[in-house]
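Asks: Residue numbers (the UniProt record's numbering), protein chains in the order written: chain A, 1 to 239; chain B, 1 to 239.
Think of the CB as a built atom: it goes at the ideal place given N, C-alpha and C, for glycine as much as any other residue.
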DNA sequence: CGCGGGGTTGAGCGAATTCAACGGATGTGG
DNA sequence: CCACATCCGTTGAATTCGCTCAACCCCGCG
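#1: Measure the alpha-carbon distance for residue 205 (chain B) versus residue 212 (chain A) and round it to whole angstroms.
#2: Secondary structure at residue 30 (chain B), three-state DSSP: helix, strand or coil?
#3: So what does DSSP say about residue 49 (chain B), is it helix, strand or coil?
#4: Give me, in chain order, the residues of the same chain whose beta-carbon lies closer than 6 angstroms to that of residue 183 (chain B); leave out the 5 immediate sequence neighbours on both sides.
#5: Extract the residue ranges of the alpha helix (DSSP H) inside the segment 181 to 218 of chain A, only unbroken runs of 4 or more that lie entirely within it.
#6: With DSSP collapsed to three states, give me the class of residue 174 (chain B).
#7: Who are residue 69 (chain B)'s beta bridge partners in DSSP?
#8: Let me check understanding here. Comparing Cα to Cα, which of B:217, B:2, B:143 lies closest to residue 20 (chain B)?
#9: Please list the partners that residue 63 (chain B) has in chain A, where partner means a Cβ-to-Cβ separation under 8 angstroms.
#10: If I'm right that residue 129 (chain A) touches residue 71 (chain B) with Cβ under 8 angstroms, what's the distance once you round it to whole angstroms?
#11: Below 7 angstroms on C-beta distance, what does residue 118 (chain A) contact in chain B?
#12: Which term fits residue 50 (chain B), buried or exposed, when burial requires 16 or more other beta carbons within 10 angstroms of its beta carbon?
#13: Buried or exposed, going by whether 16 or more other CB atoms sit within 10 Å of the CB of residue 53 (chain A)?
#14: State the DSSP-derived secondary structure class of residue 82 (chain B), mapped to helix, strand or coil.
#15: Between the segment 130 to 143 of chain B and the segment 59 to 77 of chain A, do at least 3 Cβ pairs fall closer than 8 angstroms?
#16: Secondary structure at residue 107 (chain A), three-state DSSP: helix, strand or coil?
#17: With a 10 Å radius around its C-beta and 16 neighbouring C-beta atoms as the bar for buried, classify residue 177 (chain A) as buried or exposed.
#18: List the endpoints of the continuous alpha helix (DSSP H) containing residue 6 (chain A).
#19: Beta-carbon within less than 6 angstroms of residue 110 (chain B)'s beta-carbon, same chain only, minus the 5 sequence neighbours each way: which residues are those?
#20: Once the 5 residues before and after residue 11 (chain B) are set aside, which same chain residues still bring their CB inside 7 angstroms of it?
#21: Over the uninterrupted alpha helix (DSSP H) stretch that includes residue 23 (chain B), give me the two end residues.
#22: List, in order along the chain, the chain B residues whose C-beta lies closer than 8 angstroms to that of residue 122 (chain A)?
#23: Can you check whether the C-beta of residue 181 (chain A) is within less than 8 angstroms of a C-beta belonging to chain B?
#24: Inspect the CB distances between the segment 138 to 156 of chain A and the segment 212 to 227 of chain A and report whether three or more fall short of 8 angstroms.
#25: What number of angstroms, rounded off, separates the C-alpha of residue 251 (chain B) from the C-alpha of residue 123 (chain A)?
#26: Could you work out which residues of chain A lie near residue 129 (chain B), taking near to mean beta carbons separated by less than 7 angstroms?
#27: For a test of the three-state rule: what should DSSP assign to residue 102 (chain A), helix, strand or coil?
#28: Going by Cα to Cα distance, which pick from A:171, A:149, A:162 is closest to residue 223 (chain A)?
#29: Chain A beta carbons: is any one of them nearer than 8 angstroms to that of residue 233 (chain B)?
#30: The beta strand (DSSP E) spanning residue 94 (chain A) covers which residue range?
#31: So residue 140 (chain B) is in the alpha helix (DSSP H); what residue range does that whole segment cover?
#32: For residue 54 (chain A), write down the residues that DSSP places opposite it in a beta bridge.
#33: For residue 148 (chain A), which residues in chain B fall below 9 angstroms Cβ to Cβ?
#34: Using CA coordinates, which residue listed in B:22, B:56, B:42, B:24 is at the minimum distance from residue 33 (chain B)?
#35: Between residue 102 (chain B) and chain A, is there a C-beta pair that is closer than 8 angstroms?
#36: From the DSSP output, in three-state form, read off residue 39 (chain B) for me.
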């Protein structure tokens, strides 16, 4: 059920038997959502967090002209809004980009397990800081990388994040997003994403078609993106 | 000494006498730094966090060609690297943009006070989530706002953040940054920042000269930026 | 007095956008 | 089963916002 989540935590921390059990028992219920559904509205008081089990969600902020910026993608195993535990309401929306299944974890349960297990408190605090690290790397893409490198960086990141939770098959992984979704992540237009993906394919770096990605040449793709996975905090990177 | 910090915390939470005392006693020492000094190197194991008392620091990530993206600015009262408490090392550098004074808080002291005072744990967890919220708003600027709105949003944010800690004088505040610093925050070139600031001044919105900002027309500046301070979590915004 | 950092301005360029059209796939209702 | 609508992807042409390159200014400072 929440195995993807446990895999994600175990990729960065040691988890005791009791802690694992506490996490399992904190799930109040399971929810299903269709694609393009707002899961967590912005500026609304919240009393639970949403642990994504299957599908892809995102955090997004809208502008008045209808454009929006996606600030992070969430895959199976991620809490989409763990930060609502301390923030009480969110400054952005959380919405589904595909059909999704999620576990609902009441803030009351989070409070209980983080007080009983200080180690879990640290682990979940860490998890929200990891989200922030991902957002920083996206800021680098948005602010300084040309379109090619932006998309390259995004696919490099997703490959690693999906690999951790066992959702890649070698260089292939499912990513059922539209080109417009990718554009809203990386601050581009869908038209330019289309052309840039064509270029990346022609160069033999990356193929993305009908919701499936193929990292053809990982080393060169990473080089284009200047991708360094240290920001994903998988351990052993501190010097 | 750390009054700016206490003011920042009190703008979002209630702080007991004992908690305040615990915070005060967690400071190990005070450090001074010249401008353009790396305070926290990236990818290096850390055992303390840095509470900025005076001056301006930033978080920045460098690219191979020498360009860099500043992902957040820090002012008096901010922890520049509180997230290092859980992350152990950072994916970015923290450096001074001006001369700075800072309080060094050992992670050991943070561990002690957050275990003794669960409320402080929540407050500091919140603080790192607030940093993430600021980074999200910057992502919106970087990805979707044109240069004018980017700079407008930045100055709107800084006015609020400085006001909280008592560092504004009405519509005026000191911001001893260069136009190149602003460019590195907002993903622009110093040349374009220069022209955009000129435009903002000519429109009677904002004047920025020799390290001092004057928000001439706050309402119109906020309107240009589509600035909504809710993301700064000053309370009473949840609906 | 020369030097360097920061600011300012102009000219030309280029990456990405806008606008528009079209194709393929999918779904739906008559 | 076909007509039609919709969504997503694709491509071309024209445009534009911001960049690059370069020159010059001002001012504080050694």
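Replies: Concretely, from the data shown:
#1: Locating residue 205 (chain B) in the second chain gives position 205, where the first residue counts as 1. Locating residue 212 (chain A) in the first chain gives position 212, where the first residue counts as 1. When rounded, the distance between both Cα atoms is 47 angstroms.
#2: Position 30 of the second chain holds residue 30 (chain B). If DSSP states are grouped into helix, strand and coil, residue 30 (chain B) belongs with the strands.
#3: For this step, residue 49 (chain B) is matched to residue 49 along the second chain. Here residue 49 (chain B) sits in strand by DSSP.
#4: Stepping through the second chain from its first residue, residue 183 (chain B) is reached at position 183. If we look at residue 183 (chain B) and ignore the five residues flanking it on each side, its Cβ neighbours are 189, 190, 193.
#5: 190 to 202
#6: Here residue 174 (chain B) refers to the residue found at position 174 of the second chain. Strand, per DSSP.
#7: Within the second chain, residue 69 (chain B) is the residue found at index 69, counting from 1. Bridge partners of residue 69 (chain B): B:61.
#8: In the second chain, residue 20 (chain B) corresponds to position 20, counting from 1. Nearest of B:217, B:2, B:143 to residue 20 (chain B), Cα basis: B:2.
#9: Start at 1 with the first residue of the second chain, and residue 63 (chain B) comes out as number 63. The answer, in chain order, is 140, 144, 145, 226.
#10: Residue mapping note: residue 129 (chain A) aligns to position 129 of the first chain, counting from 1. Residue mapping note: residue 71 (chain B) aligns to position 71 of the second chain, counting from 1. Between residue 71 (chain B) and residue 129 (chain A) the Cβ distance is about 13 angstroms, and since that is not below 8 angstroms, they are no contact.
#11: Residue mapping note: residue 118 (chain A) aligns to position 118 of the first chain, counting from 1. The contacting residues are 115.
#12: The residue labelled residue 50 (chain B) in the question sits at position 50 within the second chain. Label assigned to residue 50 (chain B): buried.
#13: Within the first chain, numbered from 1, the residue matching residue 53 (chain A) stands at position 53. Its Cβ being crowded by 16 or more others within 10 Å, residue 53 (chain A) is buried.
#14: Numbered from 1 along the second chain, position 82 holds the residue referred to as residue 82 (chain B). Residue state, collapsed to three classes: coil.
#15: yes
#16: Mapped onto the first chain, residue 107 (chain A) falls at position 107. Note: residue 107 (chain A) maps to helix in three-state DSSP.
#17: Taking the first residue of the first chain as position 1, residue 177 (chain A) is located at position 177. Residue 177 (chain A) should be labelled buried.
#18: As a first step, residue 6 (chain A) must be located in the first chain, where it is residue number 6. Counting along the chain, the alpha helix (DSSP H) containing residue 6 (chain A) begins and ends at 3 to 10.
#19: Position 110 of the second chain holds residue 110 (chain B). Cβ within range, chain order: 85.
#20: Start at 1 with the first residue of the second chain, and residue 11 (chain B) comes out as number 11. Here the set comprises 164, 234.
#21: Looking up residue 23 (chain B) in the second chain gives position 23. Note, residue 23 (chain B): alpha helix (DSSP H), 17 to 25.
#22: Counting from one through the first chain, the residue named residue 122 (chain A) turns up at place 122. What residue 122 (chain A) touches in chain B: 86.
#23: Counting from one through the first chain, the residue named residue 181 (chain A) turns up at place 181. False, the Cβ-Cβ gap to chain B never drops below 8 angstroms.
#24: yes
#25: The displayed coordinates of chain B run from 1 to 239. Any statement about residue 251 (chain B) would go beyond what the structure contains.
#26: For this step, residue 129 (chain B) is matched to residue 129 along the second chain. Chain A residues near residue 129 (chain B): 83, 86, 87, 128.
#27: Counting from 1 along the first chain, the entry for residue 102 (chain A) is found at position 102. Residue 102 (chain A): strand per DSSP, three-state reduction.
#28: Residue numbering aside, residue 223 (chain A) sits at position 223 when the first chain is read from its first letter. Ranking the options by Cα distance to residue 223 (chain A), first place goes to A:149.
#29: On the second chain, residue 233 (chain B) is found 233 positions in, with the first residue counted as 1. At least one chain A Cβ lies under 8 angstroms of residue 233 (chain B).
#30: Position 94 of the first chain, counted from the first residue, corresponds to residue 94 (chain A). First-last of the beta strand (DSSP E) with residue 94 (chain A): 93 to 96.
#31: Looking up residue 140 (chain B) in the second chain gives position 140. Note, residue 140 (chain B): alpha helix (DSSP H), 118 to 144.
#32: Numbered from its first residue, the first chain carries residue 54 (chain A) at position 54. DSSP lists A:101 as partners of residue 54 (chain A).
#33: Start at 1 with the first residue of the first chain, and residue 148 (chain A) comes out as number 148. By Cβ distance, chain B contributes nothing, its closest Cβ being about 14 angstroms from residue 148 (chain A), past 9 angstroms.
#34: The residue given as residue 33 (chain B) occupies position 33 in the second chain. Checked all of B:22, B:56, B:42, B:24; the closest Cα to residue 33 (chain B) is B:56.
#35: The residue you call residue 102 (chain B) lines up with position 102 of the second chain. False, the Cβ-Cβ gap to chain A never drops below 8 angstroms.
#36: Sequence index remark: in the second chain, residue 39 (chain B) carries index 39 (1-based). The answer is strand: DSSP assigns residue 39 (chain B) an E or B state.
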